[in-house]
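Student: Protein chains in written order, with the UniProt record's numbering: chain X, 1 to 175; chain C, 1 to 451. The C-beta atom is built at its ideal place from N, Cα and C for all residues, glycine as well. The structure is given below, and queries will be raised subsequently.
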Amino acid sequence: MSAETHALLSIDQHLALTQTLYREARLLDEERFADWLDLLADDVHYRMPLTARRFRADRSAALAGGAGYVFDDDKGRLGLRVQRLESGLVWAEDPRNRVRRIVSNVEIYRAQTDGEATVHSVIEVHRSRMDAQQRRLTAARTDLWRLEGGGWRLVRRLIGFDHPVVIDSNLNVFF
Amino acid sequence: MTDYAGLVSAAGAMQRRQMYADPAVYEQELERIFGRCWLFLVHESQIPQPGDFFRTFMGEDDVLVVRQKDRSIKAFLNTCTHRGNRLCRADRGNAKAFACNYHGWAFGTDGALVNVPLEKDAYFSEIDKSRFGLVEVDQVASYKGLVFGCFDRNAPSLADYLGDMKWYLDVWLDAQPGGSALIGETQKVELMTNWKLPVENVCGDGYHLGWAHAGAMKAVQSMDFSGFTVGNASVELEGGLSIAGLNGHSVLATVDGVSGYSFYPDNAGILRYLEQNRPTAIERLGRLRGEKLWGSQLNLTVFPNLQFLPGLNWLRVYHPKGPGRIEQWTWAMVENAMPADIKQRILDNQLLTFGPAGLFDNDDGDNLAACTEQSRGWRTRQLDVHTNMAQGRSGARPGLPGDIAVGVVSEHNQRYFYRRWQEHMAAADWRAVPQYNLNSLQDAKDLAHVG
Numbered sequence: 001m002s003a004e005t006h007a008l009l010s011i012d013q014h015l016a017l018t019q020t021l022y023r024e025a026r027l028l029d030e031e032r033f034a035d036w037l038d039l040l041a042d043d044v045h046y047r048m049p050l051t052a053r054r055f056r057a058d059r060s061a062a063l064a065g066g067a068g069y070v071f072d073d074d075k076g077r078l079g080l081r082v083q084r085l086e087s088g089l090v091w092a093e094d095p096r097n098r099v100r101r102i103v104s105n106v107e108i109y110r111a112q113t114d115g116e117a118t119v120h121s122v123i124e125v126h127r128s129r130m131d132a133q134q135r136r137l138t139a140a141r142t143d144l145w146r147l148e149g150g151g152w153r154l155v156r157r158l159i160g161f162d163h164p165v166v167i168d169s170n171l172n173v174f175f
Numbered sequence: 001m002t003d004y005a006g007l008v009s010a011a012g013a014m015q016r017r018q019m020y021a022d023p024a025v026y027e028q029e030l031e032r033i034f035g036r037c038w039l040f041l042v043h044e045s046q047i048p049q050p051g052d053f054f055r056t057f058m059g060e061d062d063v064l065v066v067r068q069k070d071r072s073i074k075a076f077l078n079t080c081t082h083r084g085n086r087l088c089r090a091d092r093g094n095a096k097a098f099a100c101n102y103h104g105w106a107f108g109t110d111g112a113l114v115n116v117p118l119e120k121d122a123y124f125s126e127i128d129k130s131r132f133g134l135v136e137v138d139q140v141a142s143y144k145g146l147v148f149g150c151f152d153r154n155a156p157s158l159a160d161y162l163g164d165m166k167w168y169l170d171v172w173l174d175a176q177p178g179g180s181a182l183i184g185e186t187q188k189v190e191l192m193t194n195w196k197l198p199v200e201n202v203c204g205d206g207y208h209l210g211w212a213h214a215g216a217m218k219a220v221q222s223m224d225f226s227g228f229t230v231g232n233a234s235v236e237l238e239g240g241l242s243i244a245g246l247n248g249h250s251v252l253a254t255v256d257g258v259s260g261y262s263f264y265p266d267n268a269g270i271l272r273y274l275e276q277n278r279p280t281a282i283e284r285l286g287r288l289r290g291e292k293l294w295g296s297q298l299n300l301t302v303f304p305n306l307q308f309l310p311g312l313n314w315l316r317v318y319h320p321k322g323p324g325r326i327e328q329w330t331w332a333m334v335e336n337a338m339p340a341d342i343k344q345r346i347l348d349n350q351l352l353t354f355g356p357a358g359l360f361d362n363d364d365g366d367n368l369a370a371c372t373e374q375s376r377g378w379r380t381r382q383l384d385v386h387t388n389m390a391q392g393r394s395g396a397r398p399g400l401p402g403d404i405a406v407g408v409v410s411e412h413n414q415r416y417f418y419r420r421w422q423e424h425m426a427a428a429d430w431r432a433v434p435q436y437n438l439n440s441l442q443d444a445k446d447l448a449h450v451g
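Below is the structure:
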């Protein structure tokens, strides 16, 4: 984020965007996926890169063909994931699993373009699944949000996932 | 050692659930399956340069695979020979040497101990460094880019171990000049399952596709699943084959030459690539493989824990982490002859369908975990599970090695998988492990021009 500025938004805009982040988390926790999709700009780009543990001094080249992304989704592909979850045929989510998202360490800065904001945050996703099974997944998010039609819409999200091995049997969740 | 003869019925059609949860069974597997069989280490494309290394596992043994200065490949136990610390903590990369975190013993990429701190002051220059090199994996060998390691010096050669399975592996490994590659970072997922269950699921279980993956199939209607319906209401058996009787290795095959890419939402470019390059594939593999198998959905299983699916283009290895836990490692597979945009599309689509957040993969984990969990109860683990679908309905097919059943919805391949497992578990050493390549093709000329 070399282009990052630390100019703040107006207090009203800042508050509205903070509220939007929390509301987004609640919409996902409540499985209100259609409402969540409405929070996303039409040109949204939602990504979670794959990474490897590398030595700090290692300067060898990245793998041929790029590292790849766990999520590399536009609105169409996110819609596909939502359609699957809402098909009534995803047995692993039935009965429903309790999922709680905690959004924290929120920093909001004015972006290069007027009406856009860069948002850093940390998300903790708690999943309560079969019997006593608990999974806690954490990630850092770098977002770009845009003011559209009087509200904030998510334009870009880069998710830095903290787990070299995904410690759950699926990632049927959004971050 | 116990021979555990009662855990699999003679024909492989029934398994005692104890085999998925019993720590004693697992300990014997580490010795007799993972300590004995050839295990996948890495694809040569993942460590192209001297000094390139890749950290992986053979059973629960942590292993470092390193490209040597002469471009050969060696594999070492990833443990310092001094006090046993893990030597390398990175997943992959390039290194000139590996220095232990604990006391600083350093090893060259060839495994030789090259530096001992305080060698003069504290060891009085009396340590014979040549005795403390890294411990090498007993055998390392490649088959057309796939690198395998084996802890057993008495194992058959890799070529003999693979046997007639090589004929099927070549559909991916040798269809085009330039061979194959794995791309992208390793996709690692922890699953609370016994390692045999995902192998079984992919080696022969077309049965679960229309049911377990119904949600994904309903959502992704742009994909064409020939023969399958959402909810498993019906299935078309013609056009698919279950192939086993190959020393524990197996193949699920559709035979239409294109269906491997039918799971992809946007496959026009890939279908064009197949069309343009099919004459080359036929020239190299013969008509049967070039026309009917190359481009088809194939599930290939190399016993015990390597599986790859040309078409869907993922390669996967299951590392056991105890009787009820694995790490599942996945990569995307390409042919080097493919244009860059098709390789990229394959990586994207593989991750969309069978990555850690894969639309299809996400349906499998809980089923496999629950089969494992349900094998732990004292009363439940005394029960059997069954792979008796379409038993006794297999035979020879002209031009194809193996014992072959019609359709990819069959439990034919699982029966051979469990039978092989049982043979290894009961055998004291390789001399007692039967070798069978059923309906073997006679010579290479036949292989190239049948069909």
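Return the CA-CA distance between residue 54 of chain X and residue 91 of chain C, expressed in angstroms with no decimal places.
Tutor: As a working note, residue 54 of chain X is residue 54 in the first sequence. As a working note, residue 91 of chain C is residue 91 in the second sequence. For residue 54 of chain X and residue 91 of chain C, the gap between their C-alpha atoms comes out near 6 Å.
Student: Just to confirm my understanding: we take residue 145 of chain C, look at its own chain, exclude 5 residues before and 5 after, and list those with CB closer than 7 Å. What are they?
Tutor: Counting from one through the second sequence, the residue named residue 145 of chain C turns up at place 145. 43, 44, 45, 173, 179, 180.
Student: Check residue 37 of chain C in the structure and name its three-state DSSP category.
Tutor: For the purposes of this step, residue 37 of chain C is identified with residue 37 of the second sequence, where counting begins at 1. Residue 37 of chain C: coil per DSSP, three-state reduction.
Student: Counting only the same chain and skipping the five closest in sequence on each side, list residues whose C-beta sits under 7 Å from that of residue 429 of chain C.
Tutor: Along the second sequence, one-based indexing puts residue 429 of chain C at 429. Around residue 429 of chain C: 154.
Student: Which residues does DSSP pair with residue 123 of chain X in a beta bridge?
Tutor: Walking along the first sequence from the start, residue 123 of chain X turns up at place 123. Residue 123 of chain X is bridged to X:103, X:139.
Student: Identify the continuous beta strand (DSSP E) that holds residue 245 of chain C and give its terminal residues.
Tutor: Stepping through the second sequence from its first residue, residue 245 of chain C is reached at position 245. 240 to 246 is the extent of the beta strand (DSSP E) around residue 245 of chain C.
Student: In the DSSP assignment, find the unbroken alpha helix (DSSP H) run with residue 200 of chain C in it and report its ends.
Tutor: If you number the second sequence from 1, residue 200 of chain C lands on position 200. That run of the alpha helix (DSSP H) goes 196 to 204.
Student: Between the C-alpha atoms of residue 1 of chain X and residue 107 of chain X, what's the straight-line distance to the nearest angstrom?
Tutor: Reading the first sequence from its first residue, position 1 is the one you call residue 1 of chain X. Reading the first sequence from its first residue, position 107 is the one you call residue 107 of chain X. Only weak support exists for where residue 1 of chain X lies, its pLDDT of 46 falling under 50; the value from the coordinates is given anyway. Whole-angstrom Cα-Cα distance: 14 Å.
Student: Output the distance between the C-alpha atoms of residue 200 of chain C and residue 24 of chain X, rounded to the nearest integer angstrom.
Tutor: Along the second sequence, one-based indexing puts residue 200 of chain C at 200. Along the first sequence, one-based indexing puts residue 24 of chain X at 24. Answer to the nearest angstrom: the Cα atoms are 40 Å apart.
Student: Mind checking whether residue 59 of chain C and residue 418 of chain C have CB atoms under 8 Å apart?
Tutor: Indexing the second sequence from 1 puts residue 59 of chain C at position 59. Indexing the second sequence from 1 puts residue 418 of chain C at position 418. No.
Student: Apply the 10 Å Cβ neighbour rule to residue 130 of chain X and answer buried if 16 or more other Cβ atoms are within range, or exposed otherwise.
Tutor: Here residue 130 of chain X corresponds to residue number 130 of the first sequence, with the count starting at 1. When all chains shown are included, residue 130 of chain X counts as exposed.
Student: May I ask you to list, following chain order, the residues of the segment 184 to 202 of chain C that have a beta carbon less than 9 Å from some beta carbon of chain X?
Tutor: 184, 185, 186, 187, 188, 189, 190, 191, 192, 193
Student: Is the CB of residue 170 of chain C under 8 Å away from at least one CB in chain X?
Tutor: Position 170 of the second sequence, counted from the first residue, corresponds to residue 170 of chain C. No, residue 170 of chain C lies away from the interface with chain X (no Cβ there is under 8 Å from its Cβ).
Student: Which chain X residues sit within Cβ distance under 9 Å of residue 218 of chain C?
Tutor: Here the question's residue 218 of chain C lines up with position 218 in the second sequence. Here the neighbours are 83, 84, 87, 88, 89.
Student: Examine chain C for any beta-carbon lying closer than 8 Å to the beta-carbon of residue 54 of chain X, and answer yes or no.
Tutor: Residue mapping note: residue 54 of chain X aligns to position 54 of the first sequence, counting from 1. Interface residue, yes.
Student: Compile a chain-ordered list of the residues in the segment 137 to 152 of chain X whose CB is closer than 9 Å to at least one CB of chain C.
Tutor: Of all residues in the segment 137 to 152 of chain X, none is placed with a Cβ closer than 9 Å to any Cβ belonging to chain C.
Student: For chain C, is any of its Cβ atoms less than 8 Å away from the one on residue 108 of chain X?
Tutor: Position 108 of the first sequence, counted from the first residue, corresponds to residue 108 of chain X. No, no contact with chain C.
Student: If the cut is a Cβ gap below 8 Å, which residues of chain C does residue 58 of chain X touch?
Tutor: Sequence index remark: in the first sequence, residue 58 of chain X carries index 58 (1-based). Neighbours of residue 58 of chain X on chain C, chain order: 90, 93, 94, 95.
Student: Tell me the rounded alpha-carbon separation between residue 433 of chain C and residue 4 of chain C.
Tutor: The residue labelled residue 433 of chain C in the question sits at position 433 within the second sequence. The residue labelled residue 4 of chain C in the question sits at position 4 within the second sequence. About 15 Å.
Student: Answer with buried or exposed for residue 435 of chain C, where buried requires no fewer than 16 other C-beta atoms within 10 angstroms of its C-beta.
Tutor: Along the second sequence, read from residue 1 onward, the residue named residue 435 of chain C stands at position 435. Under the 10 Å beta carbon count, residue 435 of chain C is surrounded by fewer than 16 other beta carbons and is classified as exposed.
Student: Cutting at 6 Å between CB atoms, please list the residues of its own chain near residue 114 of chain C, excluding the five before and the five after it.
Tutor: Looking up residue 114 of chain C in the second sequence gives position 114. Closer than 6 Å at the Cβ level, and outside the excluded window around residue 114 of chain C, lie 106, 108.
Student: Check whether the segment 294 to 309 of chain C and the segment 16 to 28 of chain C are in contact - that is, three or more C-beta pairs closer than 8 Å.
Tutor: Put simply, the segment 294 to 309 of chain C does not touch the segment 16 to 28 of chain C. Fewer than three CB pairs are less than 8 Å apart.
Student: Would you verify that the beta carbon of residue 33 of chain X is, or is not, closer than 8 Å to some beta carbon of chain C?
Tutor: In the first sequence, counting from the first residue as 1, residue 33 of chain X sits at position 33. Chain C, which has no Cβ nearer than 8 Å to the Cβ of residue 33 of chain X, makes this no.
Student: Relative to the C-alpha of residue 341 of chain C, which residue among C:183, C:75, C:10 is closest?
Tutor: Walking along the second sequence from the start, residue 341 of chain C turns up at place 341. When each option's Cα is compared against that of residue 341 of chain C, the closest is C:183.
Student: So, is residue 407 of chain C buried or exposed, given that buried needs 16 or more other C-beta atoms within 10 angstroms?
Tutor: Counting from 1 along the second sequence, the entry for residue 407 of chain C is found at position 407. Buried is the call here.
Student: Mind checking who residue 142 of chain C pairs with in its DSSP beta bridge?
Tutor: Numbered from its first residue, the second sequence carries residue 142 of chain C at position 142. DSSP output for residue 142 of chain C lists C:147 as bridge partner(s).
Student: Let me check one thing: in DSSP terms, what residues is residue 136 of chain C bridge-paired to?
Tutor: To locate residue 136 of chain C, count along the second sequence from 1; it is residue 136. Residue 136 of chain C pairs with C:76.
Student: Helix, strand or coil for residue 162 of chain X? Go by DSSP, reduced to three states.
Tutor: Working through the first sequence from its first residue, we reach residue 162 of chain X at position 162. Of the three classes helix, strand and coil, the one that applies to residue 162 of chain X here is coil, per DSSP.
Student: So, with DSSP's three-state summary, where would you put residue 374 of chain C?
Tutor: For this step, residue 374 of chain C is matched to residue 374 along the second sequence. Looking at residue 374 of chain C - three-state DSSP - the assignment turns out to be coil, as it is neither helix nor strand.
Student: Determine whether the beta carbon atoms of residue 134 of chain C and residue 76 of chain C lie at a separation below 8 Å.
Tutor: Residue mapping note: residue 134 of chain C aligns to position 134 of the second sequence, counting from 1. Residue mapping note: residue 76 of chain C aligns to position 76 of the second sequence, counting from 1. Contact: yes.
Student: Which same chain residues, not among the five before or five after residue 125 of chain X, have their C-beta less than 7 Å away from its C-beta?
Tutor: On the first sequence, position 125 is the one that residue 125 of chain X refers to. Same-chain partners within the cutoff: 99, 101, 137, 173, 175.
Student: So the beta strand (DSSP E) residue 317 of chain C belongs to, where does it begin and stop?
Tutor: One-based indexing of the second sequence puts residue 317 of chain C at position 317. Counted as a single uninterrupted DSSP element, the beta strand (DSSP E) harbouring residue 317 of chain C occupies residues 314 to 320.
Student: Just the chain X side, please: which residues come within less than 8 Å of residue 215 of chain C by C-beta, in chain order?
Tutor: As a working note, residue 215 of chain C is residue 215 in the second sequence. The contacting residues are 84, 85, 87, 88, 89, 90, 91.
Student: Fully enclosed by the segment 245 to 313 of chain C, which beta strand (DSSP E) runs are 3 residues long or longer?
Tutor: 249 to 254, 298 to 302, 306 to 309
Student: Let me check understanding here. Comparing Cα to Cα, which of C:353, C:84, C:176 lies closest to residue 314 of chain C?
Tutor: Position 314 of the second sequence, counted from the first residue, corresponds to residue 314 of chain C. Closest option to residue 314 of chain C, Cα to Cα, is C:353.
Student: Contact criterion: CB-CB distance below 8 Å. Does residue 164 of chain X meet it with respect to chain C?
Tutor: Here the question's residue 164 of chain X lines up with position 164 in the first sequence. It does: the Cβ of residue 164 of chain X has a partner Cβ on chain C nearer than 8 Å.
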